[in-house]
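This report refers to the structure that appears directly beneath it.
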Amino acid sequence: MSDIHELMIAVDLRDEISETEFAELSWHLGIGPRPELLSIVAEFPVVVVDDSGIPAIEDDPYPLLAGQGAASRVGGELYSTLVGLADLPQQGWFLTSRQEIHPDEFEKVGELLCWLAARAHETHHLGNGAIEVGFLRFHEAQAPDALQVKAGQVSWPA
Numbered sequence: 011m012s013d014i015h016e017l018m019i020a021v022d023l024r025d026e027i028s029e030t031e032f033a034e035l036s037w038h039l040g041i042g043p044r045p046e047l048l049s050i051v052a053e054f055p056v057v058v059v060d061d062s063g064i065p066a067i068e069d070d071p072y073p074l075l076a077g078q079g080a081a082s083r084v085g086g087e088l089y090s091t092l093v094g095l096a097d098l099p100q101q102g103w104f105l106t107s108r109q110e111i112h113p114d115e116f117e118k119v120g121e122l123l124c125w126l127a128a129r130a131h132e133t134h135h136l137g138n139g140a141i142e143v144g145f146l147r148f149h150e151a152q153a154p155d156a157l158q159v160k161a162g163q164v165s166w167p168a
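With this note's numbering, you'll find the sequence shown wraps up at 168, consecutive numbering, no jumps.
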């Protein structure tokens, strides 16, 4: 049995993203090269075992929302886009991403979602202090659960 989930992100971002943040966000979406310095999600620790059998922790960054093409478990297509909102009443960016995600990735993706939520346009702010960022659906479920960020934490469905 697989623990794969469909992650759908759709968020309007205010026009308050620096060039370095934009470069890192583009890399995470699979639409730009990896920048030298990472600040949105700064650490990607993994345990590796050296030739002597001694475990060590190394940093192994990878883009979090860069899946493209046919989805293996949730059907449909995986993609990420980032479009400027210059012609609309609000200025900024519109980010859309549909990915397959395993619960082991929730923590790292959650860091990125919290960063996005902090820059989300007011239309995503809910009355209870939460910020709506998208949806999560277990691959066998019929309906998705809302994904919200509140007080710097993602409300990952159980």
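A virtual CB, placed ideally from N, CA and C, is assigned to each residue, including glycine.
Neighbour-count burial assignment, residue i, 16 or more Cβ in a 10 Å radius
| i | result |
| --- | --- |
| GLN134 | Sequence check: residue 134 is His here, not Gln. Looking at its Cβ environment, which holds 16 or more other Cβ atoms inside 10 Å, HIS134 is buried. |
| GLY85 | exposed |
| ILE111 | buried |
| ILE19 | buried |
| VAL119 | buried |
| VAL159 | buried |
| ALA128 | exposed |
Short Cβ contact (8 Å threshold) for residue i with residue j
| i | j | result |
| --- | --- | --- |
| LEU35 | GLN109 | no |
| PRO73 | PHE54 | no |
| ALA130 | PHE145 | no |
| HIS38 | LEU75 | yes |
Bridge partners - residue i, DSSP secondary structure assignment
| i | result |
| --- | --- |
| HIS15 | ILE111, PHE148 |
| TRP166 | BP columns for TRP166 are empty, so no partner. |
| VAL159 | ILE141, VAL164 |
| ASP22 | PHE104 |
Opening and closing residue of the beta strand (DSSP E) in which residue i lies
| i | result |
| --- | --- |
| THR133 | Element bounds for THR133: n/a, residue is neither H nor E. |
| VAL57 | 55-59 |
| ASP70 | First-last for ASP70: undefined, no H or E at that position. |
| VAL93 | 87-94 |
Start-to-end residues for the alpha helix (DSSP H) that takes in residue i
| i | result |
| --- | --- |
| ALA33 | 29-38 |
### Query
Three or more beta-carbon pairs under 8 Å between the region 129-145 and the region 160-167, yes or no?
Short answer: they touch.
### Query
Pairing CB atoms from the region 59-68 with CB atoms from the region 23-43, are three or more of them under 8 Å?
Between the region 59-68 and the region 23-43, the count of Cβ pairs shorter than 8 Å is below three; the stretches do not touch.
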